[in-house]
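Engineer: To start, I am sharing the structure in question, which I have written as structure tokens.
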Amino acid sequence: MNSNLIGILFPLVPLAFVLAVIYLYIRGGREVDEYGRTFLQGHSLADYARAHPESFRADGSFVRCHACGGRQFSATWTSKTKYGTHYSHVCRQCGIELWRTTL
Ligand SMILES: [Zn+2]
Numbered sequence: 039m040n041s042n043l044i045g046i047l048f049p050l051v052p053l054a055f056v057l058a059v060i061y062l063y064i065r066g067g068r069e070v071d072e073y074g075r076t077f078l079q080g081h082s083l084a085d086y087a088r089a090h091p092e093s094f095r096a097d098g099s100f101v102r103c104h105a106c107g108g109r110q111f112s113a114t115w116t117s118k119t120k121y122g123t124h125y126s127h128v129c130r131q132c133g134i135e136l137w138r139t140t141l
């Protein structure tokens, strides 16, 4: 009885493995899609300027980091999705993320 059950279930092991791989592939794709789609939400340059108007001059140019007063930032490549290439703009003095862009 027990060996019959094993005989029935054992051929299903590769099938279960293939289904698990397909499931993880689809789920991973959805997570990447969600990440790319929402990358800028609440983190765009406009969002940062709205939250920290003191960090910019009247002409829109960057003056200083809201957290430490650092005057330089660098753009760091983070990822590429179907929505574009994503960058994080980080204060060079304290390392805090200031805003994000997608090109
Ligand atoms: Zn800073």
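Per the numbering used here, numbering through the sequence shown is continuous, rising by one, with the last residue being 141. In this text, a Cβ means the ideal position worked out from N, Cα and C, and glycines have one as well. A quick note: this is a predicted structure, and the numbers were derived from the prediction, not measured.
To test your reading of the DSSP string, which unbroken beta strand (DSSP E) runs of 3 or more residues are found completely within the segment 71-137?
Structural biologist: Those beta strand (DSSP E) runs which fall completely within the segment 71-137 and span 3+ residues are 111-119, 122-129.
Engineer: Given the structure, does Ala105 come close to ligand 1, in the sense that its CB is under 7 Å from one of the ligand's heavy atoms?
Structural biologist: Under cutoff, so the answer is yes.
Engineer: Using the Cβ count rule (16 or more neighbours within 10 Å means buried), how would you classify Val128?
Structural biologist: Buried is the call here.
Engineer: At the level of alpha carbons, what is the spacing between Glu92 and Arg102?
Structural biologist: Distance between the alpha carbons of Glu92 and Arg102 is about 8 Å.
Engineer: Grab me the residues of Ser82's own chain with a C-beta within less than 7 Å of its C-beta, minus the 5 sequence neighbours each way, in chain order.
Structural biologist: Counting only Cβ-Cβ distances below 7 Å, and skipping sequence neighbours, we find Trp137, Arg138.
Engineer: Among Ser126, Gly107, Arg95, which has the Cα closest to the Cα of Ala113?
Structural biologist: Nearest of Ser126, Gly107, Arg95 to Ala113, Cα basis: Ser126.
Engineer: Rounding to the nearest angstrom, what Cα-Cα distance links Tyr121 and Ala84 in this structure?
Structural biologist: Taking the straight line joining both Cα atoms gives about 19 Å.
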